[in-house]
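K.L.:
Okay, so the sequence shown: first residue is 1 according to the UniProt record's numbering, each after it adds one. Glycine residues also receive a C-beta, built at the ideal position from the N, C-alpha and C atoms. Computed from a prediction, not measured in an experiment: that's the story for all the values here. My questions will all concern the structure given below.
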Amino acid sequence: MERTVAVVPEAGLHARPASKFVQTVNQYDATVTVGRADDGDDGMVDANSMLAVTGLNVEHGESVRIVAEGADASEALDALETVLTTPVEEG
1 MERTVAVVPE
11 AGLHARPASK
21 FVQTVNQYDA
31 TVTVGRADDG
41 DDGMVDANSM
51 LAVTGLNVEH
61 GESVRIVAEG
71 ADASEALDAL
81 ETVLTTPVEE
91 G
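Right, dumping it as C-alpha coordinates:
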(Lines of atoms letter the chains of each structure in order from A and count residues from 1; the text may use other names and numbers.)
(Lines give C-alpha, C1' and ligand atoms only; values in the text may rest on other atoms or scores of the structure.)
Protein backbone atom coordinates (compact mmCIF):
# COMPACT_ATOMS: atom_id res chain seq x y z
CA MET A 1 0.00 0.00 0.00
CA GLU A 2 1.19 3.51 -0.59
CA ARG A 3 0.15 7.10 -0.19
CA THR A 4 1.46 10.50 -1.29
CA VAL A 5 1.17 13.26 1.30
CA ALA A 6 2.11 16.96 1.35
CA VAL A 7 4.18 17.91 4.41
CA VAL A 8 2.40 20.57 6.49
CA PRO A 9 4.73 21.25 9.47
CA GLU A 10 6.78 24.43 8.91
CA ALA A 11 9.97 22.54 9.84
CA GLY A 12 9.32 20.02 7.08
CA LEU A 13 10.33 16.45 7.89
CA HIS A 14 13.04 17.50 10.35
CA ALA A 15 13.43 17.79 14.12
CA ARG A 16 10.17 17.30 16.01
CA PRO A 17 8.01 16.23 13.03
CA ALA A 18 10.61 13.65 11.96
CA SER A 19 10.85 12.31 15.50
CA LYS A 20 7.07 11.97 15.72
CA PHE A 21 7.03 10.31 12.28
CA VAL A 22 9.64 7.68 13.27
CA GLN A 23 7.95 7.04 16.64
CA THR A 24 4.65 6.49 14.83
CA VAL A 25 6.23 4.05 12.35
CA ASN A 26 7.55 1.98 15.24
CA GLN A 27 4.08 1.59 16.76
CA TYR A 28 2.84 -0.60 13.90
CA ASP A 29 3.50 -4.10 12.60
CA ALA A 30 4.49 -2.85 9.17
CA THR A 31 7.60 -2.25 7.10
CA VAL A 32 7.48 1.39 6.04
CA THR A 33 9.64 3.33 3.60
CA VAL A 34 9.43 7.01 2.72
CA GLY A 35 10.88 9.28 0.07
CA ARG A 36 10.25 12.40 -1.96
CA ALA A 37 7.26 11.85 -4.21
CA ASP A 38 9.26 12.65 -7.35
CA ASP A 39 12.33 10.53 -6.58
CA GLY A 40 10.85 7.10 -7.36
CA ASP A 41 11.95 3.86 -5.71
CA ASP A 42 15.64 4.81 -5.63
CA GLY A 43 14.94 7.66 -3.21
CA MET A 44 13.07 5.56 -0.63
CA VAL A 45 14.56 5.09 2.87
CA ASP A 46 13.62 3.08 5.96
CA ALA A 47 11.03 5.15 7.81
CA ASN A 48 12.04 3.73 11.20
CA SER A 49 15.42 5.51 11.02
CA MET A 50 15.56 9.11 12.26
CA LEU A 51 18.85 9.66 10.42
CA ALA A 52 17.45 8.35 7.13
CA VAL A 53 14.21 10.34 7.42
CA THR A 54 15.92 13.65 8.26
CA GLY A 55 18.48 12.93 5.55
CA LEU A 56 15.73 13.27 2.94
CA ASN A 57 15.73 17.04 3.65
CA VAL A 58 12.01 17.31 2.91
CA GLU A 59 10.73 20.86 3.36
CA HIS A 60 7.31 22.28 4.22
CA GLY A 61 4.93 21.95 1.27
CA GLU A 62 6.84 19.15 -0.47
CA SER A 63 5.16 15.81 -1.10
CA VAL A 64 6.43 12.47 0.16
CA ARG A 65 5.55 8.95 -0.87
CA ILE A 66 4.98 6.51 1.98
CA VAL A 67 4.93 2.76 1.28
CA ALA A 68 3.80 0.29 3.95
CA GLU A 69 3.62 -3.50 3.91
CA GLY A 70 2.48 -5.82 6.67
CA ALA A 71 -0.44 -6.54 8.97
CA ASP A 72 -0.88 -2.91 10.07
CA ALA A 73 -0.03 -1.23 6.76
CA SER A 74 -3.33 0.61 6.34
CA GLU A 75 -3.40 1.83 9.94
CA ALA A 76 0.24 2.91 9.72
CA LEU A 77 -0.44 4.95 6.56
CA ASP A 78 -3.43 6.65 8.20
CA ALA A 79 -1.39 7.56 11.29
CA LEU A 80 1.60 8.77 9.28
CA GLU A 81 -0.60 10.92 7.06
CA THR A 82 -2.00 12.53 10.23
CA VAL A 83 1.53 13.27 11.49
CA LEU A 84 2.52 14.89 8.20
CA THR A 85 -0.66 16.95 7.79
CA THR A 86 -0.78 18.33 11.34
CA PRO A 87 1.05 21.62 12.02
CA VAL A 88 3.51 21.43 14.90
CA GLU A 89 2.72 23.87 17.70
CA GLU A 90 5.72 25.82 18.90
CA GLY A 91 6.39 26.13 22.60
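As a quick exercise: from Leu-77, Gly-61, His-60, pick the residue whose alpha carbon is nearest that of Ala-47.
P.N.:
Locating residue 47 in the sequence shown gives position 47, where the first residue counts as 1. Checking every option, the nearest Cα to that of Ala-47 belongs to Leu-77.
K.L.:
Report yes if the C-beta distance between Val-7 and Glu-62 is below 8 Å; otherwise report no.
P.N.:
One-based indexing of the sequence shown puts residue 7 at position 7. One-based indexing of the sequence shown puts residue 62 at position 62. Cβ atoms of Val-7 and Glu-62: closer than 8 Å.
K.L.:
Residue range of the alpha helix (DSSP H) that Thr-5 falls in?
P.N.:
As a position in the sequence shown, residue 5 is number 5, starting the count at 1. Strictly speaking, residue 5 in this sequence is Val, with Thr absent from that position. Segment 2–6 is the beta strand (DSSP E) holding Val-5; no alpha helix (DSSP H) there.
K.L.:
Starting from Ser-74, follow the alpha helix (DSSP H) in both directions and report where the run begins and ends.
P.N.:
Taking the sequence shown and counting its residues from 1, one reaches residue 74 at position 74. First-last of the alpha helix (DSSP H) with Ser-74: 73–85.
K.L.:
Skipping 5 residues on each side, what residues in its chain have a beta carbon closer than 6 Å to that of Ala-52?
P.N.:
Residue numbering aside, residue 52 sits at position 52 when the sequence shown is read from its first letter. Counting only Cβ-Cβ distances below 6 Å, and skipping sequence neighbours, we find Val-45, Asp-46.
K.L.:
My guess is that Val-34 and Val-64 are in contact by the Cβ rule of under 8 Å, so how many angstroms apart are they, rounded?
P.N.:
The sequence position of residue 34 within the sequence shown is 34, counting from 1. The sequence position of residue 64 within the sequence shown is 64, counting from 1. Yes, Val-34 and Val-64 are in contact; Cβ-Cβ is about 6 Å, under 8 Å.
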